[in-house]
Amino acid sequence: MTARRVRAWIVGSAAILVSVVVFLVPFAFVVLQAAKTPAEASDLKFSLPRSWQFFQNLVAVLQSGDGLIWRAFINSAVLTVASVALMAIVAAMAGYVLARKRSKWGPTVNFFVMAGLIVPPAVVPTIWVLQALGLFKTMPGMILIETTFGLSICILLFRAFFNTVPTELDEAAIIDGAGRVRLFFQVILPLLRPVIVTVIVVQSVFVFNDFAGPLYFLPGTDNATVQTTLYTFAGQNLSYYNLLFMDILLITIPPLVAFIFFNRQIVAGMTSGAIKG
Numbered sequence: 345m346t347a348r349r350v351r352a353w354i355v356g357s358a359a360i361l362v363s364v365v366v367f368l369v370p371f372a373f374v375v376l377q378a379a380k381t382p383a384e385a386s387d388l389k390f391s392l393p394r395s396w397q398f399f400q401n402l403v404a405v406l407q408s409g410d411g412l413i414w415r416a417f418i419n420s421a422v423l424t425v426a427s428v429a430l431m432a433i434v435a436a437m438a439g440y441v442l443a444r445k446r447s448k449w450g451p452t453v454n455f456f457v458m459a460g461l462i463v464p465p466a467v468v469p470t471i472w473v474l475q476a477l478g479l480f481k482t483m484p485g486m487i488l489i490e491t492t493f494g495l496s497i498c499i500l501l502f503r504a505f506f507n508t509v510p511t512e513l514d515e516a517a518i519i520d521g522a523g524r525v526r527l528f529f530q531v532i533l534p535l536l537r538p539v540i541v542t543v544i545v546v547q548s549v550f551v552f553n554d555f556a557g558p559l560y561f562l563p564g565t566d567n568a569t570v571q572t573t574l575y576t577f578a579g580q581n582l583s584y585y586n587l588l589f590m591d592i593l594l595i596t597i598p599p600l601v602a603f604i605f606f607n608r609q610i611v612a613g614m615t616s617g618a619i620k621g
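Per my numbering, the very first residue in the sequence shown carries number 345; after that it's consecutive.
Written out as structure tokens, the structure is:
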């Protein structure tokens, strides 16, 4: 075995070990706590349950709060689908304009796009704006908030990808009689599948896992999302850590499944925009 292969084996083994420690160990801890009795779970020890109560805890969580977890999953699904769909469409169009159109306003627009990644959200002024528009504590208002928070990174991804698409394609479509709208939706948009999948999966996980946004801008049990159920559940049942960890496990499953099935598409979308962008 050559020295290069030995180094590659060592690096690969170290990467696997780090992955196990960072991802699998915490996940195993959550599963074990979710299968324990309240007394055992309150110790927060990394140990096997003396009495397995996994399915009993699962049923208890699903039935708690008059079906709060079911309403939360529905609200999170609506919020995630609507926000990510709006985010992808607006970011794709904005990225296309920024990549293709050169004007004196370009640097200014790019500055505000970058500022969206750096400047933290202002909670109180945002609440004032939502109240003035009549959108505070409403799902449409929360959808607009999530779309705004994720728009900057999506625009950067789309703009970088558009830099890999030759402008001759646009010119050929225009010569054939296609307008700007038809050019974008029928010629350009089908080429964006890798980056669209990346945006959908990454931003879906981000919106689904968002805790602070719904807590500030969408209060109330009727508007609860899956992340705010942790706050409500922990506040009402401080001693029932087994049910709290079962709730965490239920919330972890959808993003985990999404990354397992779409990890190659995510990498392809990231790299396709980074190589030539």
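For every residue, glycine included, the Cβ atom is placed at its ideal position computed from N, Cα and C.
Three-state secondary structure assigned by DSSP to residue i
{"i": "T573", "result": "helix"}
{"i": "V463", "result": "coil"}
{"i": "W414", "result": "helix"}
{"i": "Q397", "result": "coil"}
{"i": "N586", "result": "helix"}
{"i": "T470", "result": "helix"}
{"i": "V509", "result": "coil"}
{"i": "R446", "result": "coil"}
{"i": "L402", "result": "helix"}
{"i": "A358", "result": "helix"}
{"i": "A352", "result": "helix"}
{"i": "V601", "result": "helix"}
{"i": "N454", "result": "helix"}
{"i": "N581", "result": "Low local confidence applies: a pLDDT of 48 at N581 is under 50, so the model's placement there is unreliable, with the coordinate-based value given in what follows. N581: coil per DSSP, three-state reduction."}
{"i": "N553", "result": "coil"}
{"i": "L477", "result": "helix"}
{"i": "F390", "result": "coil"}
{"i": "T482", "result": "coil"}
{"i": "P563", "result": "coil"}
{"i": "T381", "result": "coil"}
{"i": "D591", "result": "helix"}
{"i": "G523", "result": "coil"}
{"i": "A517", "result": "helix"}
{"i": "A504", "result": "helix"}
{"i": "A347", "result": "helix"}
Top-ranked residue by Cα proximity to residue i, from the options
{"i": "V457", "options": "T511, V350, V362, F493", "result": "F493"}
{"i": "Q530", "options": "P538, I518, V539, V541", "result": "I518"}
{"i": "V453", "options": "L388, Y585, G439, P465", "result": "G439"}
{"i": "I471", "options": "F480, V463, P464, P465", "result": "F480"}
{"i": "R289", "options": "V403, L406, L402, A379", "result": "Nothing can be reported for residue 289, as the shown portion of the chain is limited to 345 through 621."}
{"i": "T572", "options": "S420, V403, F373, L402", "result": "S420"}
{"i": "T569", "options": "G411, I433, A516, D514", "result": "G411"}
{"i": "P598", "options": "V551, S408, N507, P484", "result": "V551"}
Proximity of residue i and residue j at Cβ, strictly below 7 Å
{"i": "V543", "j": "F606", "result": "no"}
{"i": "L442", "j": "R524", "result": "no"}
{"i": "V467", "j": "F505", "result": "no"}
{"i": "M431", "j": "T491", "result": "yes"}
{"i": "S496", "j": "L461", "result": "yes"}
{"i": "M486", "j": "F561", "result": "yes"}
{"i": "Y585", "j": "A352", "result": "no"}
{"i": "L533", "j": "V374", "result": "no"}
{"i": "L402", "j": "M590", "result": "yes"}
{"i": "Q400", "j": "T381", "result": "no"}
Classification of residue i by the beta-carbon crowding that lies within 10 angstroms, buried from 16 upward
{"i": "V549", "result": "buried"}
{"i": "I499", "result": "buried"}
{"i": "I360", "result": "exposed"}
{"i": "V369", "result": "exposed"}
{"i": "V405", "result": "buried"}
{"i": "G617", "result": "Bear in mind that the predicted position of G617 carries a pLDDT of just 49, short of 50, making it unreliable; the figure below should be weighed with that in mind. Buried."}
{"i": "A436", "result": "buried"}
{"i": "I604", "result": "exposed"}
{"i": "S427", "result": "buried"}
Proximity test, Cβ basis, 7 Å: residue i and chain B
{"i": "S408", "result": "Going by chain labels, chain B is absent from the structure shown, which holds only one protein chain."}
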